[in-house]
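Remarks on the structure that follows.
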Amino acid sequence: MVALPTLVPPRRNRLLGALRHSLRLRTVAITVLLTGAAIVAAGLAVSYSVAGDLYSSRLSQALHDSARATASAQATVDAADISESGAMRHLLDTALGAIGTATSSRLVASYRMPGQQATSLAPQDFRSPGLAPADISPELRAAVQNGSGKQFYQSVRLTGTGGQEDPGIVVGSQLRLPPPAGRYELYIGYDLSAAAATLAFVQRTLLIAGIALIVLMAAITWVIVRFVVQPIKLAAETSKRLAAGELGVRIPERGADVFAALAASFNGMADSLQHQITRLAALSRLQQRFVSDVSHELRTPLTTIRLAEGVIYDQRESLDPAAQRSAELLHAQVERFGRLLVDLLEISRYDAGSAVMELEQVDLAQLARTVVGEMRPLAARHDTRLLVSGEPGATASLDARRIRRIIRNLIGNAIEHGEARPIRVRVAYDESSVALSVRDQGVGIAADQVGHVFDRFWRADRSRQRTIGGTGLGLAISMEDAIAHHGTLEVWSRP
Numbered sequence: 001m002v003a004l005p006t007l008v009p010p011r012r013n014r015l016l017g018a019l020r021h022s023l024r025l026r027t028v029a030i031t032v033l034l035t036g037a038a039i040v041a042a043g044l045a046v047s048y049s050v051a052g053d054l055y056s057s058r059l060s061q062a063l064h065d066s067a068r069a070t071a072s073a074q075a076t077v078d079a080a081d082i083s084e085s086g087a088m089r090h091l092l093d094t095a096l097g098a099i100g101t102a103t104s105s106r107l108v109a110s111y112r113m114p115g116q117q118a119t120s121l122a123p124q125d126f127r128s129p130g131l132a133p134a135d136i137s138p139e140l141r142a143a144v145q146n147g148s149g150k151q152f153y154q155s156v157r158l159t160g161t162g163g164q165e166d167p168g169i170v171v172g173s174q175l176r177l178p179p180p181a182g183r184y185e186l187y188i189g190y191d192l193s194a195a196a197a198t199l200a201f202v203q204r205t206l207l208i209a210g211i212a213l214i215v216l217m218a219a220i221t222w223v224i225v226r227f228v229v230q231p232i233k234l235a236a237e238t239s240k241r242l243a244a245g246e247l248g249v250r251i252p253e254r255g256a257d258v259f260a261a262l263a264a265s266f267n268g269m270a271d272s273l274q275h276q277i278t279r280l281a282a283l284s285r286l287q288q289r290f291v292s293d294v295s296h297e298l299r300t301p302l303t304t305i306r307l308a309e310g311v312i313y314d315q316r317e318s319l320d321p322a323a324q325r326s327a328e329l330l331h332a333q334v335e336r337f338g339r340l341l342v343d344l345l346e347i348s349r350y351d352a353g354s355a356v357m358e359l360e361q362v363d364l365a366q367l368a369r370t371v372v373g374e375m376r377p378l379a380a381r382h383d384t385r386l387l388v389s390g391e392p393g394a395t396a397s398l399d400a401r402r403i404r405r406i407i408r409n410l411i412g413n414a415i416e417h418g419e420a421r422p423i424r425v426r427v428a429y430d431e432s433s434v435a436l437s438v439r440d441q442g443v444g445i446a447a448d449q450v451g452h453v454f455d456r457f458w459r460a461d462r463s464r465q466r467t468i469g470g471t472g473l474g475l476a477i478s479m480e481d482a483i484a485h486h487g488t489l490e491v492w493s494r495p
């Protein structure tokens with residue numbers, strides 16, 4: 001397997017790792033994010049509400065002032081009786097001056113409406129310096145021209161004295177001069193920069209208050225979570241130490257809250273576990289010593305029985321058929337009992353941790369061929385073919401006796417359950433490891449039973465009798481042998 005370079009920056013990796021492993025940091029981060037989202041939503045709502053109220057208020061004021069100024073100018077025009085061009089110009093200036101008196105705005109423009117008869121008496125169009133031609137759109141002019149006696153407005157960007165653009169409103173209506181001057185479009189501009197400044201101040205205040213509130217919430221959450229998480233962290237560390245074998249550790253019990261109840265429950269559970277583990281450990285040691293002592297004690301009577309049985313077995317030809325058969329059965333069972341005793345002694349050594357490895361450089365392929373040669377007579381009695389593959393050179397530091405026992409147990413198990421079908425033994429190796437596999441084509445084992453193959457004295461089908469006189473400890477010892485070599489022993493099977 002090739003390790004690909006990560007595409008995530010190291011700093012981001014550290015941040016994600018901190019969030020993943022720290023409940024306190026994760027809680028504070030989630031609280032800050034949710035609080036920030038709520039504050040942003042509330043701030044936007046307040047900002048839009050204030051902006052809408054300010055605009056509506058200023059618009060209402062502008063329409064009211066414009067209506068009053070237009071009415072004042074129209075009253076001034078209606079009271080005059082003028083027929084000369086210069087007087088008409090003076091009249092329009094007077095009317096525009098009345099507009100300046102009636103309203104605070106100095107942004108005024110007047111245009112003679114198109115479609116009227118040309119005359120030299122009509123004053124020229126007028127526009128204040130602060131009101132640009134682009135501030136009065138064609139749409140607004142068309143609405144004013146077609147809406148006699150009505151007011152129309154439009155939001156615009158007014159260019160200030162310093163060249164900056166300020167928000168504003170242009171209100172348009174009609175002004176009727178005496179004939180033959182006719183009707184004029186009258187536009188009054190209102191600067192909303194003061195309202196914009198008020199809105200900006202409100203928004204800055206909301207922003208500062210929101211940031212301060214988020215920081216305050218983060219600090220409060222950190223303090224609260226510290227008090228809440230500390231007992232949980234202590235319980236986690238105590239559990240880890242308990243799992244590592246420190247059976248005497250306990251959680252300090254303080255107060256009478258839910259964490260104190262948790263500590264009491266945890267300590268009660270730890271006391272129970274310590275008692276059970278201590279009792280089971282003592283029982284296990286007693287059992288191991290019993291098996292070891294019994295196995296050693298049985299070796300002397302077994303040796304005597306084997307000597308006596310050997311004498312009888314060697315003279316079986318001179319016995320009657322019934323006694324001869326009994327001698328053969330006695331010989332077979334004594335041999336099996338001897339193997340069982342050897343296996344029990346080996347298991348007791350592993351249980352006691354006193355197994356000693358005798359390592360040497362061994363060619364696993366050659367060792368496998370040697371064991372297969374030894375197992376061929378047994379395979380022949382079961383009509384089974386043994387096939388070996390693997391090139392020499394699979395050399396490793398091994399305990400030849402234990403590896404030979406593993407191979408013999410695997411092949412013997414395959415012969416017993418292989419249904420007289422060929423058994424394949426294969427050896428493979430690379431620069432760092434060696435491996436051996438034994439494959440049979442028998443009935444197989446169900447998936448829920450595969451995990452018990454290496455249990456002591458376990459059988460997949462208890463109704464079946466052992467056909468090659470196994471002790472029931474072979475695969476269990478083989479697993480211990482593999483582990484002693486820092487290796488693994490695995491099984492794959494299906495019915």
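Heads up: the sequence shown begins at 1 in the working numbering, then just goes up one per residue.
Cβ atoms here follow ideal geometry from the backbone N, Cα and C, with glycine treated the same way.
> Using CA coordinates, which residue listed in Q230, S155, G172 is at the minimum distance from A67?
Replying inline: By 1-based counting over the sequence shown, the position of residue 67 is 67. Looking at the Cα atoms, G172 is the closest of the given residues.
> By DSSP, does S432 sit in helix, in strand, or in coil?
Replying inline: As a working note, residue 432 is residue 432 in the sequence shown. In the structure shown, S432 sits in coil (DSSP, three-state: anything other than H, G, I, E or B).
>> Between the region 381-390 and the region 339-353, can you find at least three pairs of beta-carbon atoms closer than 8 Å?
In response: As far as the Cβ criterion goes, the region 339-353 does not touch the region 381-390, which means the pair count is below three.
> Rounded C-beta distance between T103 and M217? I'm assuming under 8 Å.
Replying inline: Numbered from 1 along the sequence shown, position 103 holds the residue referred to as residue 103. Numbered from 1 along the sequence shown, position 217 holds the residue referred to as residue 217. Going by Cβ atoms, the distance from T103 to M217 rounds to 48 Å, so no, they are not a contact pair.
> Buried or exposed: which applies to S265, given that a residue is buried once 16 or more other Cβ atoms fall within 10 Å of its Cβ?
Replying inline: Translated into positions along the sequence shown, residue 265 becomes position 265. Using a 10 angstroms sphere on the CB of S265, the tally of other CB atoms stays under 16, which defines it as exposed.
> Whose C-alpha, out of T221, K240, Q230, is nearest the C-alpha of R254?
Replying inline: For the purposes of this step, residue 254 is taken as the residue at position 254 of the sequence shown. For R254, the nearest C-alpha among the options comes from Q230.
>> Rounding to the nearest angstrom, what Cα-Cα distance links I411 and P422 in this structure?
In response: Position 411 of the sequence shown holds residue 411. Position 422 of the sequence shown holds residue 422. About 11 Å.
>> For T6, which residues in the same chain have their Cβ closer than 6 Å to its Cβ, ignoring the five residues on either side in sequence?
In response: The residue you call residue 6 lines up with position 6 of the sequence shown. Note that T6 has pLDDT 39, beneath the 50 cutoff, so the model's placement of it is unreliable and the number below is only indicative. Taking T6 as the centre and dropping the five residues before and after it, the same chain places no C-beta closer than 6 Å to its C-beta.
> For M357 versus A261, is the C-beta spacing smaller than 8 Å?
Replying inline: Counted from its first residue, the sequence shown places residue 357 at position 357. Counted from its first residue, the sequence shown places residue 261 at position 261. Taking the C-beta atoms as reference points, A261 is found no nearer than 8 Å to M357.
> Taking the alpha carbon of R369 as the point to measure from, which residue in L344, R339, R408 has its own alpha carbon closest?
Replying inline: Start at 1 with the first residue of the sequence shown, and residue 369 comes out as number 369. Checking every option, the nearest Cα to that of R369 belongs to R408.
> Measuring CA to CA, which of L378, T31, E185 is closest to V215?
Replying inline: Locating residue 215 in the sequence shown gives position 215, counting from the first residue. It is T31 whose Cα lies nearest to the Cα of V215.
>> Per DSSP, what are the beta-bridge partners of I423 in this structure?
In response: Position 423 of the sequence shown holds residue 423. According to the DSSP secondary-structure assignment, I423 is paired through a beta bridge with L386.
> Does the region 131-145 come close enough to the region 40-53 to have 3 or more Cβ pairs within less than 8 Å?
Replying inline: Touching, no.
> Is it buried or exposed for F227, if we count other Cβ within 10 angstroms and need 16 for buried?
Replying inline: Counting from 1 along the sequence shown, the entry for residue 227 is found at position 227. By the 10 Å Cβ count, F227 comes out exposed.
>> For R112, report the span of its alpha helix (DSSP H) as first-last.
In response: Within the sequence shown, residue 112 is the residue found at index 112, counting from 1. Membership of R112 in any alpha helix (DSSP H) is not indicated; the residue belongs instead to the beta strand (DSSP E) covering 107-112.
>> Can you tell me where the beta strand (DSSP E) holding L398 begins and where it ends?
In response: Position 398 of the sequence shown, counting from 1, holds the residue named residue 398. Per DSSP, the continuous beta strand (DSSP E) segment holding L398 begins and ends at 395-398.
>> Do R456 and A476 have their beta-carbon atoms positioned less than 8 Å apart in this structure?
In response: Indexing the sequence shown from 1 puts residue 476 at position 476. Indexing the sequence shown from 1 puts residue 456 at position 456. Using a Cβ distance threshold of 8 Å, A476 and R456 count as a contacting pair.
> So, is P123 buried or exposed, given that buried needs 16 or more other C-beta atoms within 10 angstroms?
Replying inline: Reading the sequence shown from its first residue, position 123 is the one you call residue 123. It counts as buried.
> Roughly how far, in whole angstroms, is the beta-carbon of G444 from the beta-carbon of S397, given that I think they are within contact range, below 8 Å?
Replying inline: Along the sequence shown, one-based indexing puts residue 444 at 444. Along the sequence shown, one-based indexing puts residue 397 at 397. Not a contact, Cβ separation roughly 35 Å.
> Is it right to say T303 is buried, meaning 16 or more other beta carbons lie within 10 angstroms of its own, or is it exposed?
Replying inline: Residue 303 sits at position 303 when you count from the first residue of the sequence shown. With fewer than 16 other Cβ atoms within 10 Å, it is exposed.
> When the distance is taken between beta carbons, is R404 closer than 8 Å to R424?
Replying inline: The count along the sequence shown starts at 1 and reaches residue 424 at position 424. The count along the sequence shown starts at 1 and reaches residue 404 at position 404. Inclusion of R424 and R404 in the CB contact set at 8 Å is not warranted, their separation being larger than that value.
>> Can you give me the C-alpha to C-alpha distance between N146 and Y184, rounded to a whole angstrom?
In response: One-based indexing of the sequence shown puts residue 146 at position 146. One-based indexing of the sequence shown puts residue 184 at position 184. Taking the straight line from one Cα to the other gives about 12 Å.
> Can you tell me the Cα-Cα spacing of D498 and L329, whole angstroms?
Replying inline: Because the chain in this structure spans residues 1 to 495, residue 498 falls outside the shown range and cannot be described.
> According to the neighbour-count rule (16 or more other Cβ atoms, all chains shown, within 10 Å of its Cβ), is V311 buried or exposed?
Replying inline: Residue 311 sits at position 311 when you count from the first residue of the sequence shown. Under this definition V311 is an exposed residue.
>> Measuring alpha carbon to alpha carbon, tell me which residue in Q441, R26, S433 is nearest T488.
In response: Within the sequence shown, the letter at position 488 stands for residue 488. Measuring C-alpha to C-alpha distances from T488 to each of Q441, R26, S433 identifies S433 as the nearest.
> By Cβ distance below 8 Å, which residues in the same chain neighbour V334 in space, the five residues on each side in sequence not counted?
Replying inline: Translated into the one-based positions of the sequence shown, residue 334 becomes position 334. Cβ neighbours of V334 beyond the five flanking positions: L302, I305, R306, E309.
>> According to DSSP, simplified to helix, strand and coil, what is T488?
In response: Working through the sequence shown from its first residue, we reach residue 488 at position 488. Coil at T488, not helix or strand.
>> Between the alpha carbons of E490 and V342, how many angstroms are there, rounded?
In response: Here residue 490 refers to the residue found at position 490 of the sequence shown. Here residue 342 refers to the residue found at position 342 of the sequence shown. Looking at the two C-alpha atoms, the distance is approximately 24 Å.
>> Short of 6 Å in beta carbon distance, which residues of its chain neighbour A365, apart from the five on each side in sequence? Order them along the chain.
In response: For the purposes of this step, residue 365 is taken as residue 365 along the sequence shown, with counting starting at 1. Sequence-distant partners of A365 (beyond 5 residues in either direction) whose C-beta falls short of 6 Å from its own C-beta, in its chain, are G390, P392, A394, V427.
> Can you check whether the CB of P167 is closer than 8 Å to the CB of S193?
Replying inline: Taking the sequence shown and counting its residues from 1, the one referred to as residue 193 is at position 193. Taking the sequence shown and counting its residues from 1, the one referred to as residue 167 is at position 167. Less than 8 Å divides the Cβ of S193 from the Cβ of P167.
> When the Cα atoms are used, what is the spatial distance from T205 to G52?
Replying inline: Position 205 of the sequence shown, counting from 1, holds the residue named residue 205. Position 52 of the sequence shown, counting from 1, holds the residue named residue 52. CA-CA distance, T205 to G52, rounds to 17 Å.
>> Less than 6 Å between C-beta atoms, sequence neighbours within five positions excluded: which residues of the same chain meet that for A327?
In response: As a first step, residue 327 is located in the sequence shown; it is residue number 327 there, counting from the start. Hits under 6 Å: I312, Y313, R316.
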